[in-house]
Structures are given as C-alpha cells and as structure tokens.
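Chains A and B are the protein sequences, given in the same order. Those letters in the first sequence? Residues 1 to 504, per this note's numbering, in order. Those letters in the second sequence? Residues 1 to 80, per this note's numbering, in order. Reviewing the structure listed below.
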Amino acid sequence: MFTLQDTPLNTAQLAADLADERAGALVAFEGRVRNENEGRRVHSLWYEAYPNLAISEGTRIVEEAVTQFGLIRAACVHRVGHLGLGDVAVWVGALAGHREAAFAACRYIIDNVKKRVPIWKKEFYADGDSGWINAEDGSATVRVPNESPAAGGLSRTVYYSRQARLPEVGEAGQARLGETRVLVVGLGGLGCAAAAYLAGAGIGTLGLVEDDRVELSNLHRQPLYTIEHVGMAKVEAAAARLHRQNPFITVIPERVRLTAENSEALARGYDIILDCTDNLETKFLLNDVAVVLRKKMIHAAVYQYEGHLFGYVPQENVGCLRCLWHTLPEPGCVGACADVGVLGAFVGVLGTMQAAEALKQALELPGALQGEVVIHDFLRHTAKRLRVPRRVNCPTCGGEYLPSTRYYDFTEIEVTAQSLTQSSEVALVLLEDTDKSLRSTAVLPRGFTWVPWEHVKGAFPKDKRLVLCCEYGLRSKYLAYALRQQGFAHVYSLKGGWRSLSAR
Amino acid sequence: MKTVHVEYYAALREQRGVPSEYVSCDAATVHDLYERLSAQHGLRFTPRNLRVAVNDAFVEWNHTLKDGDRVVFIPPVAGG
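Right, here's the structure in full:
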C-alpha cells in the first residue's frame, strides 16, 4: 500500500506488481528530483521521514483513494535518504477499470501524500548551502507528529490531561478526536473561534479553507490574528498560530475560494464540515457538497446579537439547508457583518458552539444537532431549537442519490451550457425554486424551457432527453447518475448549474 | 377572535421594533397574520424570504392559526 524505501525505486517492477486482468487503466506518477528550486541550483536532496506515522498516514491515503475512486488497487512508495538529480523520489500507481478513476485517484494520492505525510526534505545547493523544505512546496502545511522535535519534547499526555479527565473523553475519546478530520471553511469571526477550540481539543486533522488576507478591520473579532498579520494570507497566519497552540495535530491550509469546481475535492477527505462562511451562496454550495458526499455539516450564521446554528447529518428524515430555506432568499434581504455590524464576542460564541457541536459529533456525546436549527438570542439568553424535517420531494436530500460516496465518472453525464443545442425535445429541469428575477437574467439556450422538478418526478419519460439543473451542478450530476442507474438513458446534468448560465 | 403570541427575529425584529407581542386578530392562516402585521408595521420582508414556526415546529404558510398559538417569524441570516 504505502512504503518507504532507502534504495532507488524500480518503477517497472512497481507497476508490474500492481497488474490485474480486471484493470483497463494504470496511471502512474513519478516525482523526481529537479535541479532548481525557487531560483536556487540544487545538486542533491535528503529525505527524512517519521516512519511509523508516515506509513500509517500514507496507507490511510491509499486506502481512501481505493474506496473513493473504486480502484482495483493502488500503491505509493516514497524514497528516504540521499537522492541525486533525476532520481525518483515518490511513485504512485492507481489501477482501475477505467482511466478517469485512475487519473483522479493518482492525483488524489500524490496531493495528499505531499500534504499529510510527515516527510521532510533537505536541499543541498550548488553554492554549498543547504536548507530544510516542507514536502509540499510553497505551502504552509504543518505536519508535526507526536514526540517530534517540532513538539519540543512536550508531553502529549500532559497537554490533554484536563480534558482526558472527562469520563466521555479519556484515552479512547482522545484517540477518537485524533482520528477525526474536520474542515473549517471560512476563517473570519466564526472560523477563528471554531478552529482554535478544535485544534486545542486535538482534532487530528484540521483543514482550513480561506483565500482572504488579514485586514485591520478583522482583528476585533478574529483573535487568531495580530497586527503583524495584516496583509498576510489568513490560512497561513492561522495555520502557524494553531500549530503553536497544539503541535500534536495536522493543520492543512488551503488558500483557495470554495467553488463548485473545487468543493468536492476539498471536502472529500473530511468527516465533518464547519460552515464558517458569511454568505448564503457559499452556505448553499457547502450544503450541496455535504449532501452528495454524505458529510456531517455544522452551519452557523450571525446577525448582530443573534445566531443560527444548524446541524446536518446524512440520515433518513433529516432536512438539509435547502429544506430550511425552500427558496433561495432574494439578494439584499440577508444581513452581512460588513453592513449591519457585529461585536466579536457574539460571533465568537457562535463559532465556539460550532466547535462544541463538532466535538459532540466526534465523541458521540448526546444532544448533537441532527437536522435541527437553534436560534440564539444572546441579549436575552433565549434559544429556540427547531427540527428541520426533510421536505417532501426535496431533490437535494430526498433519497434519490447513489448508494455510496465513492468516486463516480460524470464525463458522460455533464453537459456545458455552450454544448446544449436547440431542440424542442429538451427540457431544463430545475431542482430548486430559484428567484424569478435570477431565472429571467439567466441566458437560457434556445429551445429550452424551465421545468420544475416536481412536475417531472414520478412521470419521468424514459425516452426523452432531459437536462437536470441545480444551483451549482453538484446535486444534479449525482441525481442524473442515479436516474441512469434506474434506466433513464437520456438524463444529463448542466455543468456549473444555473449559476453558470446567469454568469454569461 | 383569537390571540396568538408572535416573535420576531433579526432584521424583522428591528423593523417591528419589539422582539415579541400578543396579537388579537381573526386571521385564518399564518400567511394572513403576517400580511396584516406587515401592512400595520411596514415590515419589508415578503413571506417567500421568511420561515415561520408555530408551537416550535416549522409550518407552511397556509397553516391554520389557532387561539393560543406561538408564532415565530425567522428571516435568513448569513454573517460570519
């Protein structure tokens, strides 16, 4: 599965070892030592690993890829020791029935190995100098295992001693927290509070998604940052700070804006997603990702002295964010912090509640929100807890989806707006009730008409060509795939969703 | 005539000026109730941008209003 090797790699033999008659595709990747890094001439490298953790984390990555992409098998071998120019430093092989899964899985393995596996690289330069480089070039990925030199000989047992005393935590609970992977999307007032408490609790892998830089107007409510950080990327400042808060966890900073295109890849490797974003568009996108990938999700949103906390779990009869908000609220009716103002303590307390909910999920403590929203009035200290039932015919979470979250090949199913051709036989089926003005500004291909999902469901003509369309094109492609499995041969999904139409 | 308890949240509370109140009226549904309150107090949200709960459960806008009901109007929030 995943091995370390201190001798040169025989890539032909590695590929041969994977062979299987069921395989239609083998995609192999070789990472090689090159002669230059950031403008400096390199003449050789030294790779050092923390072997036990490298092998367990590497094996986990390979197993994740096999499961998620439906591979026949996969392998990854990483070199340690001294390597010269042109030597193969890492080899990945992904074997699958079809090439799409093999390409995607190979990419997944190498990207995650570089991010998550504790391997350090020392470069020796032509000018006689040398320096340690993080394995993931140019990123601020922080990977520090237990008892590593980077933890400075600190005791993990002492670190967690106060929470380990809780009967629900103890050694077993602490181990469970260490195995839990949480993705925090948005590092503003909510995300700073949530990430700090999750890091402190020992959530083993903490992913951070944010593309903004620290601004002076952030500091009053975002205590991960100081004035020295103004102008710096938030993920980098936060990752460095969290690493110093708890050197026993992995922090994975992702300096990107969450989009319909990158959302699945970002979320796939995590157990729980925290929505710490500040706009409804991203909240709905995260909701869709959680639903199609079957992730637990904790949304939070604040309005001055009031906070909404909503917990989604992929279970029967549990509503999602689109069951709470049947129709997308019109632009302008949702208050943002920049417009209506906010005090740090009030957004911080809500972010802290998100962290507490994630810990409840990870430790299986009672009372975790499962398809429920809590509306807190922090001035009056009142809270209203309301169940969000699954909406009848909700196309998002209504049980139409595929039996597992493994990797599916959607290339046959996805069509772009540009490729849609005029035909009276084609209907664009809307999976949600969008705002009328939005629908009228969307440039609809000629010959297409909008049809609400409710009008199609149950009376779906199997011979008719239908293009499913949702906000971001995520739910529609999974739904189209599931319908094809049920014999509807001419169902497609609009890539990028109706957002891609209105953007034109 | 029936008397119901009404709670407002977020921007809607600001528009109404109070967090909650008792309302006596003969509105048949929660939609009727909201339309009356909206006309009376100049509330700027339309029902499509609000959720309504009665006695701690979300309901549809055509939900029949009964004497003694506790009604909550909730606008969407997104700050973070």
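We treat Cβ as the ideally placed atom computed from N, Cα and C, and that holds for glycine.
According to DSSP, residues forming a beta bridge with residue i
| i | result |
| --- | --- |
| Ala28(B) | Paired residues: none, contrary to the question. |
| Tyr492(A) | Val467(A) |
| Leu183(A) | Gly207(A) and Ile273(A) |
| Cys76(A) | Phe2(A) and Val92(A) |
| Met297(A) | Ile273(A) and Tyr312(A) |
| Val52(B) | Val59(B) and Phe73(B) |
| Lys384(A) | Ile375(A) |
| Leu198(A) | Answer by DSSP bridge pairing: none, since Leu198(A) is not bridged. |
| Ala214(A) | The displayed chain sequence assigns Val, not Ala, to residue 214(A). For Val214(A), which the question treats as bridged, DSSP gives no partner whatsoever. |
| Gly473(A) | Answer is none; Gly473(A) lacks a bridge partner. |
| Asn37(A) | Arg40(A) |
| Thr3(B) | Ser24(B) |
| Gly487(A) | None; Gly487(A) has no bridge partner. |
Nearest residue (CA-CA) to residue i, options the options
| i | options | result |
| --- | --- | --- |
| Asn112(A) | Leu280(A), Leu430(A) and Phe2(A) | Phe2(A) |
| Ser24(B) | Phe73(B), Gly68(B), Gly79(B) and Val72(B) | Gly68(B) |
| Phe410(A) | Leu474(A), His43(A) and Leu363(A) | Leu474(A) |
| His78(A) | Ala94(A), Pro51(A), Ala65(A) and Gly70(A) | Pro51(A) |
| Gly178(A) | Asp463(A), Val251(A) and Tyr47(A) | Val251(A) |
| Ala23(A) | Arg213(A), Cys323(A) and Ala96(A) | Ala96(A) |
| Arg380(A) | Glu372(A), Tyr305(A), Tyr312(A) and Gln361(A) | Tyr305(A) |
| Gly31(A) | Val256(A), Gln486(A), Val80(A) and His308(A) | Val80(A) |
| Gly497(A) | Phe488(A), Val182(A), Trp450(A) and Glu454(A) | Trp450(A) |
| Val456(A) | Tyr478(A), Leu430(A), Cys323(A) and Lys477(A) | Leu430(A) |
| Gly505(A) | Val340(A), Val302(A), Val334(A) and Met297(A) | Residue 505(A) is absent from the model: chain A starts at 1 and stops at 504. |
| Met1(B) | Arg70(B), Lys66(B), Val18(B) and Gly80(B) | Lys66(B) |
| Glu171(A) | Tyr160(A), Arg116(A) and Arg181(A) | Tyr160(A) |
| Val182(A) | Val62(A), Ile227(A), Thr157(A) and Pro253(A) | Pro253(A) |
| Gln303(A) | Val27(A), Leu280(A) and Val340(A) | In the sequence on display, residue 303(A) carries Tyr and not Gln. Cα-wise, what sits closest to Tyr303(A) is Val340(A). |
| Ala54(A) | Gly86(A), Ala16(A) and Gln5(A) | Gln5(A) |
| Asn37(A) | Phe488(A), Tyr125(A) and Asp17(A) | Tyr125(A) |
Residue i vs residue j beta-carbon contact at 9 Å
| i | j | result |
| --- | --- | --- |
| Lys283(A) | Ala78(B) | yes |
| Tyr197(A) | Thr352(A) | yes |
| Asn49(B) | Pro329(A) | yes |
| Gly189(A) | Val342(A) | yes |
| Ile109(A) | Cys76(A) | yes |
| Val52(B) | His41(B) | no |
| Gly93(A) | Ala74(A) | yes |
| Ala345(A) | Ile272(A) | no |
| Tyr270(A) | Gly207(A) | yes |
| Gly70(A) | Tyr407(A) | yes |
| Val505(A) | Asp275(A) | Not covered by the structure: residue 505(A). The range shown for chain A is 1 to 504. |
| Leu468(A) | Ala480(A) | yes |
| Asn246(A) | Ala199(A) | yes |
| Leu224(A) | Ala195(A) | yes |
| Ala28(A) | Thr11(A) | yes |
| Phe310(A) | Val388(A) | yes |
Environment of residue i [buried if 16+ CB atoms lie within 10 Å]
| i | result |
| --- | --- |
| Val392(A) | exposed |
| Thr277(A) | buried |
| Ser500(A) | buried |
| Tyr22(B) | exposed |
| Lys462(A) | exposed |
| Leu494(A) | buried |
| Thr3(B) | exposed |
| Leu166(A) | exposed |
| His299(A) | buried |
| Gly307(A) | buried |
| His220(A) | exposed |
| Gly231(A) | exposed |
| Ser476(A) | buried |
| Tyr35(A) | Just to set this straight, residue 35(A) is Asn in the shown sequence, not Tyr. Its Cβ having fewer than 16 others within 10 Å, Asn35(A) is exposed. |
| Val142(A) | Per-residue confidence for Val142(A) stands at a pLDDT of 43, beneath the threshold of 50, marking its modelled position as unreliable; no derived number is given. |
| Ser263(A) | buried |
| Leu216(A) | exposed |
| Ser38(B) | buried |
| Asn287(A) | buried |
| Asp137(A) | At Asp137(A), the pLDDT of 40 sits below 50, so the modelled position is not reliable; the number obtained from the coordinates is stated separately. Flag for Asp137(A) reads exposed. |
| Glu60(B) | exposed |
| Pro8(A) | exposed |
Closer than 8 Å: residue i CB and nearest the ligand PLP heavy atom
| i | result |
| --- | --- |
| Val169(A) | Absence of the ligand PLP is noted for the structure shown, with no ligands found whatsoever. |
Can you list, in chain order, the residues of the stretch 295-318 of chain A whose Cβ is nearer than 9 Å to any Cβ on chain B? Ala300, Ala301, Val302, Tyr303, Gln304, Glu306, Gly307 and His308
Mind checking the stretch 2-13 of chain B against chain A and listing, in chain order, the residues whose C-beta falls within less than 9 Å of any C-beta there? Glu7, Tyr9, Ala10, Ala11 and Arg13
Please name the residues in the stretch 274-289 of chain A whose beta-carbon is closer than 7 Å to at least one beta-carbon of chain B, in chain order. Cys276, Thr277, Asp278, Asn279, Leu280 and Lys283
Could you name the residues of the stretch 17-48 of chain B whose beta carbon sits closer than 9 Å to any beta carbon of chain A, in the order they occur along the chain? Pro19, Arg44, Phe45, Thr46 and Arg48
Selection of the stretch 50-69 of chain B by Cβ proximity to chain A, strictly under 8 Å: Arg51, Ala53, Asp56, Ala57 and Phe58
Chain B contacts from the stretch 171-199 of chain A (Cβ-Cβ distance under 7 Å): Gly186, Gly188, Gly189 and Leu190
Could you name the residues of the stretch 212-241 of chain A whose beta carbon sits closer than 8 Å to any beta carbon of chain B, in the order they occur along the chain? none
Residues of the stretch 373-391 of chain A with a CB closer than 8 Å to any CB of chain B: list them in chain order, please. Ile375, Asp377, Arg380, Lys384, Arg385, Leu386, Arg387, Val388 and Pro389
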